[in-house]
Amino acid sequence: MNPFAGQFAGPERADAGKNTRRLLVVEDENHIAVGLRFNLEAEGYIVTLAEDGESALRSCERAREPFDLIVLDVMLPGISGFEVAETLRAAGNYVPVLMLTARGRPEDVVNGFAAGADDYLAKPFELAVLLARIQALLRRTFWARQAEKPGKASPLNGLPVCFELGEKVILFDDLKILDGEREVPLTLMESNLLKYLIEHEGRAVSRKSLLEDVWGLHEDTDTRAIDNFIVRLRRYLETDPQNPKHLLTVRGVGYRFESGAGE
Ligand code: CA
Numbered sequence: 017m018n019p020f021a022g023q024f025a026g027p028e029r030a031d032a033g034k035n036t037r038r039l040l041v042v043e044d045e046n047h048i049a050v051g052l053r054f055n056l057e058a059e060g061y062i063v064t065l066a067e068d069g070e071s072a073l074r075s076c077e078r079a080r081e082p083f084d085l086i087v088l089d090v091m092l093p094g095i096s097g098f099e100v101a102e103t104l105r106a107a108g109n110y111v112p113v114l115m116l117t118a119r120g121r122p123e124d125v126v127n128g129f130a131a132g133a134d135d136y137l138a139k140p141f142e143l144a145v146l147l148a149r150i151q152a153l154l155r156r157t158f159w160a161r162q163a164e165k166p167g168k169a170s171p172l173n174g175l176p177v178c179f180e181l182g183e184k185v186i187l188f189d190d191l192k193i194l195d196g197e198r199e200v201p202l203t204l205m206e207s208n209l210l211k212y213l214i215e216h217e218g219r220a221v222s223r224k225s226l227l228e229d230v231w232g233l234h235e236d237t238d239t240r241a242i243d244n245f246i247v248r249l250r251r252y253l254e255t256d257p258q259n260p261k262h263l264l265t266v267r268g269v270g271y272r273f274e275s276g277a278g279e
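At the far end of the sequence shown sits residue 279, using the working numbering, and the numbering has no gaps.
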């Protein structure tokens with residue numbers, strides 16, 4: 017199956033040359049990697065290939081300029097794509113990660129998000145879809161960086177940009193939580209999940225609706241994967257993560273956010 021069929025159709029070709037973003041493509045299947053590089057370079061991206069996780073991490077460490085985005089295959093020889101994402105996040109590298117998962121394995125998606133991926137695409141995919149995802153993720157990061165500059169308003173009108181929770185300030189678009197002097201970086205998925213819970217403050221939100229509405233998963237996914245995210249978010253937000261006051265478990269349903277502002 018050729019995932020690149022029809023890649024030159026469509027008006028987006030007019031945009032070629034405008035992208036000077038640096039992408040790292042981590043893919044062990046040579047024909048896919050080479051095909052991706054060819055097509056991404058045709059779109060104006062600067063592309064580096066890595067054929068396994070270890071060399072991907074080395075490329076990230078040694079790159080003179082940081083990558084703007086990583087396309088990361090899950091199934092790799094040696095360490096998996098999950099481990100690559102986890103290692104990057106643990107090292108404080110919050111480069112956007114688009115994970116390539118195997119179709120029919122929704123647990124890959126969930127594990128990918130848990131490892132710190134920002135988005136996913138199931139293989140085989142259409143090139144046009146991959147390009148759209150890459151652009152969306154880059155745009156999102158671009159706005160987040162713009163928003164960090166003083167005096168720049170967030171362009172995402174109508175959406176909550178920040179939320180104050182006691183001493184902490186959650187900056188959804190900047191993908192971080194300010195906690196006094198401390199800054200806790202969030203992945204896009206952590207930020208989206210938190211925003212969703214806060215938007216539904218006071219109401220029980222099911223794990224299934226979190227999976228569907230936040231992550232776009234309609235498959236029969238193990239909904240307990242959400243729990244790992246909540247554990248992480250509690251560590252960021254709760255004074256005592258073992259006795260949460262804000263991210264509450266609703267037995268048999270899912271979770272409920274309470275700001276405690278009414279107390
Ligand atoms: Ca592979």
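Glycine residues also receive a C-beta, built at the ideal position from the N, C-alpha and C atoms. This structure is a prediction, so every number in the text was calculated from the model and none was measured.
P140 versus R240: straight-line alpha-carbon distance, rounded: So the alpha carbons of these two residues sit roughly 27 Å apart.
Sorted by chain position, which residues of the same chain lie with C-beta nearer than 7 Å to H262's C-beta, five sequence neighbours on each side aside? The residues are L181, L253, E254, F273, E274, S275, G276.
Chain-ordered residues, beta carbon under 5 Å from a heavy atom of ligand 2: By its list of ligands, the structure shown excludes ligand 2, since it contains just ligand 1.
Can you look up L288 in the DSSP assignment and give me helix, strand or coil? Coverage of the chain is limited to positions 17 through 279, which leaves residue 288 absent and any answer about it impossible.
In angstroms, rounded to a whole number, what distance separates the CA positions of E228 and R38? Each residue's alpha carbon lies about 31 Å from the other.
Beta strand (DSSP E) containing T103: first to last residue? Per DSSP, T103 belongs to no beta strand (DSSP E); it is in the alpha helix (DSSP H), 97 to 106.
Can we say the stretch 92 to 105 touches the stretch 61 to 72, given the rule of at least three CB pairs closer than 8 Å? The stretch 92 to 105 and the stretch 61 to 72 touch, with no fewer than 3 CB-CB distances between them shorter than 8 Å.
Ends of the alpha helix (DSSP H) at F54? 46 to 58 is the extent of the alpha helix (DSSP H) around F54.
Sufficient close CB pairs (3 or more, under 8 Å) joining the stretch 216 to 233 to the stretch 101 to 117: Too few Cβ pairs lie closer than 8 Å, so no.
For L104 and V42, which I take to be in contact (beta-carbon distance under 8 Å), what is that distance rounded to the nearest angstrom? Rounded to whole angstroms, the Cβ separation of L104 and V42 is 11 Å, and the two are not in contact under 8 Å.
Checking 8 Å against the spacing of the C-beta atoms, do L204 and I186 come in under that value? No.
Run of the alpha helix (DSSP H) containing P257, from where it starts to where it stops: Premise fails: P257 is in no alpha helix (DSSP H) and is neither H nor E.
Could you tell me whether the stretch 117 to 134 touches the stretch 42 to 60, using the rule of 3 or more Cβ pairs below 8 Å? Look at the beta carbons and you see the stretch 117 to 134 not touching the stretch 42 to 60: under three pairs across the two are nearer than 8 Å.
Among Y136, L146, C76, which has the Cα closest to the Cα of R53? Nearest C-alpha to R53: L146.
Keeping to the same chain, check which residues put their C-beta closer than 8 Å to that of A220; ignore five residues upstream and five downstream. For A220, the CB contacts under 8 Å within the same chain, skipping 5 residues up- and downstream, are V266, V269, G270, Y271, R272 in chain order.
Alpha helix (DSSP H) segment containing F129, residue limits: Where F129 is concerned, the enclosing alpha helix (DSSP H) stretches over 122 to 131.
Could you spell out the range, first to last residue, of the alpha helix (DSSP H) harbouring R198? That residue, R198, is in no alpha helix (DSSP H); its beta strand (DSSP E) goes 198 to 201.
Should L175 be labelled buried (16 or more other beta-carbon atoms within 10 Å of its own) or exposed? Any reading at L175 must be qualified, since the residue scores a pLDDT of 48, below 50, and its modelled position is unreliable; the value itself is stated next. The residue is exposed, with fewer than 16 neighbouring Cβ atoms inside 10 Å.
In the DSSP output, which residue or residues are listed as bridge partners for K139? Bridge partners of K139: A118.
In terms of residue numbering, what span does the beta strand (DSSP E) encompassing L227 cover? L227 -> no beta strand (DSSP E), and no H or E assigned at all.
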